[in-house]
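Just so you know, we're using our numbering here: the sequence shown kicks off at 19 and counts up by one. Comments concern the structure below.
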Amino acid sequence: MKESQQSYTVKEATIKLMQFCAYRDRCHKEVEEKLREMNMIPAAQEQIIMELMQENFLNEERFARSFVRGKFRIKKWGKIKIKQELKFKEISAPIIKIALTEIDQQKYTATLYEQAEKKLRLITETEKFKKKRKLADFLLRKGYESNLVYETTNELLE
């Protein structure tokens with residue numbers, strides 16, 4: 019039987035969602051989507067979300083901080099891309115601001131430089147301007163701020 023066809027009591031749904039949230043930090047949007055998939059009525063959804071928050075299974079700030087650390091450390095994303103993803107997950111601006119403090123500025127700059135050097139070795143373009151453009155585009159797609167990107171590309175290709 020598919021999950022969407024199965025019906026749950028509020029208690030069963032709460033337990034299922036506690037396991038869902040215990041596996042890794044989740045945001046409200048993910049939990050709401052899961053509850054919709056489970057065909058829970060709005061009143062039950064609200065009750066379950068409140069219980070998850072009271073029991074500390076659901077915590078937006080903890081989720082955002084964890085998300086920032088993971089995307090920066092593992093995927094080497096820049097702050098702009100991380101911020102966009104958090105907005106997409108409907109995290110509020112004040113929480114995003116707090117979460118971004120998880121990134122150490124020195125490590126951030128070092129990671130940007132490291133990513134730039136790594137990419138530069140892979141660019142086969144010989145014309146300096148085109149090479150600079152390709153490197154800058156790559157770093158901008160990774161979500162780094164344009165002023166830092168241009169500073170880094172100029173430094174590496176001067």
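Note that CB positions come from ideal geometry on N, CA and C, so glycine has one too. None of these values were measured; they are calculated from a predicted model.
Original post:
Is A31 buried or exposed, if buried means 16 or more other CB atoms sit within 10 Å of its CB?
Top reply: Taking the sequence shown and counting its residues from 1, one reaches residue 31 at position 13. A31 comes out buried.
Original post:
Quick one: Cα of Y168 to Cα of I141, how far?
Top reply: For this step, residue 168 is matched to residue 150 along the sequence shown. For this step, residue 141 is matched to residue 123 along the sequence shown. Answer to the nearest angstrom: the Cα atoms are 17 Å apart.
Original post:
Measuring CA to CA, which of A128, V86, M56 and K47 is closest to A117?
Top reply: Here residue 117 corresponds to residue number 99 of the sequence shown, with the count starting at 1. The candidate whose alpha carbon is nearest that of A117 is V86.
**OP:** Whole angstroms is fine: what's the gap from S164's alpha carbon to A134's?
**Re:** Walking along the sequence shown from the start, residue 164 turns up at place 146. Walking along the sequence shown from the start, residue 134 turns up at place 116. Whole-angstrom Cα-Cα distance: 13 Å.
Subject >> Rounded C-alpha distance that separates N77 from K149 >> reply: Numbered from its first residue, the sequence shown carries residue 77 at position 59. Numbered from its first residue, the sequence shown carries residue 149 at position 131. Cα to Cα, N77 sits roughly 44 Å from K149.
Subject >> For A61 and D155, the rounded distance between their alpha carbons >> reply: As a working mapping, residue 155 is identified with position 137 in the sequence shown. As a working mapping, residue 61 is identified with position 43 in the sequence shown. When rounded, the distance between both Cα atoms is 47 Å.
Subject >> Complete alpha helix (DSSP H) runs within the segment 108 to 136 (minimum length 4 residues, chain order) >> reply: 111 to 117
Original post:
From what residue to what residue does the alpha helix (DSSP H) around I98 run?
Top reply: In the sequence shown, counting from the first residue as 1, residue 98 sits at position 80. Unbroken alpha helix (DSSP H) run through I98: K97 to F106.
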